[in-house]
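Undergrad: Mind having a look at this structure? Questions to follow.
Numbering (my numbering), first residue to last: 59 to 261.
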């Protein structure tokens, strides 16, 4: 088990990363990171687990090339230090590595049944804090799997690109509002509930 050490401001960094700790003011986020992450969810993860892996920083510029949103979350939490793997890389390699780090994460998929089983166990134990999932997310995933097992059509996966974190937050809040607006459609997809809402507006 990794023991966490506390920085002066209360930020928690794994003791195994102690040799990589740098002042957070000595680095900055990349000015060209195309990824829009959920800083709020990462903040919740940092509150619960602390920092368990380092971010990656280009030595010559001090720009973060991997972990930009973790950096922003740590700043938002008031951390003054962060664990960073500061490496020599050209601007060309820094750009390519940042793209690769984002893209390889996008290419991953889930074993939906195993994910559902794990989340169900954690929900029962009230242990979802810091995971990026809440009870409604778990309910929706379970209903999707039940729907598919009953012969429902395959779910089409898609990626939404937001201009900023405010847009992403509004989208998430709107989806949750639609769940409450149509409680009898709990076993349906987001797209189905959006179609219901648009039909109402056009009526």
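Glycine included, C-beta positions come from ideal geometry on N, C-alpha and C.
What's the call for residue 82, buried or exposed, on a 16-neighbour Cβ count within 10 Å?
TA: Counting Cβ neighbours within 10 Å, residue 82 comes out buried, since at least 16 surround it.
Undergrad: Which one of 137, 72, 168, 197 has the shortest CA to CA distance from residue 182?
TA: 197
Undergrad: On the three-pair Cβ rule with 8 Å, is the stretch 96-109 touching the stretch 175-195?
TA: yes
Undergrad: So, do the stretch 69-79 and the stretch 141-148 have three or more beta carbon pairs nearer to each other than 8 Å?
TA: yes
Undergrad: Among the candidates 109, 99, 117, whose CA atom is the shortest distance from the CA of residue 86?
TA: 117
Undergrad: Sort 229, 91, 201, 191 by Cα distance to residue 161 and report the nearest one.
TA: 91
Undergrad: Residue 160 lies in the alpha helix (DSSP H); which residues open and close that run?
TA: 149-164
Undergrad: Looking at residue 100: is its Cβ nearer than 9 Å to the Cβ of residue 131?
TA: yes
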